[in-house]
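S.K.:
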Amino acid sequence: MRTYPDRVKIFKYETLAEDPLKSTQDVYRFTGLDLPNNVANWVKKNTESKDDTNAWGTARNSTVTKDKWRTELNSKQRNMITSLCMKTLRLVGYKA
Numbered sequence: 001m002r003t004y005p006d007r008v009k010i011f012k013y014e015t016l017a018e019d020p021l022k023s024t025q026d027v028y029r030f031t032g033l034d035l036p037n038n039v040a041n042w043v044k045k046n047t048e049s050k051d052d053t054n055a056w057g058t059a060r061n062s063t064v065t066k067d068k069w070r071t072e073l074n075s076k077q078r079n080m081i082t083s084l085c086m087k088t089l090r091l092v093g094y095k096a
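Letter 5 of the sequence shown, counting from 1, is numbered 5 in the UniProt record's numbering, and no numbers are missing.
1. Buried or exposed for Ser-23, please, with buried defined as at least 16 other CB atoms from any protein chain shown within 10 angstroms of its CB.
2. With a threshold of 8 Å, are at least 3 pairs of Cβ atoms found where one atom belongs to the region 63-73 and the other to the region 11-29?
3. Compute the Euclidean distance between the alpha carbons of Lys-87 and Gly-93, then round it to the nearest angstrom.
4. Exposed or buried, what is Ser-62 when buried is set at 16 or more other beta-carbons lying within 10 Å of its beta-carbon?
5. For Val-43, collect the residues of the same chain with a Cβ closer than 8 Å to its Cβ; drop the 5 residues on either side in sequence, then sort them by chain order.
6. Pick from Thr-47, Asn-41, Pro-36, Lys-9: whose alpha carbon is nearest that of Phe-30?
7. Looking only at DSSP bridge pairs, what is Asn-79 linked to?
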């Protein structure tokens, strides 16, 4: 990544989930492509859902769901996940 900064771009899940359309635009811009309207519409349709009650559905409100694991798991479960993932998290730039 450091050797070829113009060829590699890191996108964090939280950034993508917080603003999916802007993140998608950033990916297209980084690759030198224009974002097609049908792709922008698909992103909006599938990440701005008002109904998160359908467990089997594929559309979600990504802003709401991105942090659900923090509120729906107990502290022991969260700590276990964090410890299991810590090495990878540090590799991609997260702080402990």
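From the three backbone atoms N, C-alpha and C, an ideal C-beta is built for every residue, glycine too.
M.R.: Based on what the coordinates show:
1. As a first step, residue 23 must be located in the sequence shown, where it is residue number 23. Counting Cβ neighbours within 10 Å, Ser-23 comes out buried, since at least 16 surround it.
2. Judged by Cβ distances under 8 Å, the region 63-73 makes contact with the region 11-29, as three or more pairs qualify.
3. Counted from its first residue, the sequence shown places residue 87 at position 87. Counted from its first residue, the sequence shown places residue 93 at position 93. In a straight line, the C-alpha of Lys-87 is about 10 Å away from that of Gly-93.
4. Working through the sequence shown from its first residue, we reach residue 62 at position 62. Answer is buried; the Cβ neighbour count reaches 16.
5. Looking up residue 43 in the sequence shown gives position 43. Counting only Cβ-Cβ distances below 8 Å, and skipping sequence neighbours, we find Pro-20, Leu-21, Thr-24.
6. Taking the sequence shown and counting its residues from 1, the one referred to as residue 30 is at position 30. Minimum Cα distance to Phe-30 is reached at Lys-9.
7. Working through the sequence shown from its first residue, we reach residue 79 at position 79. BP columns for Asn-79 are empty, so no partner.
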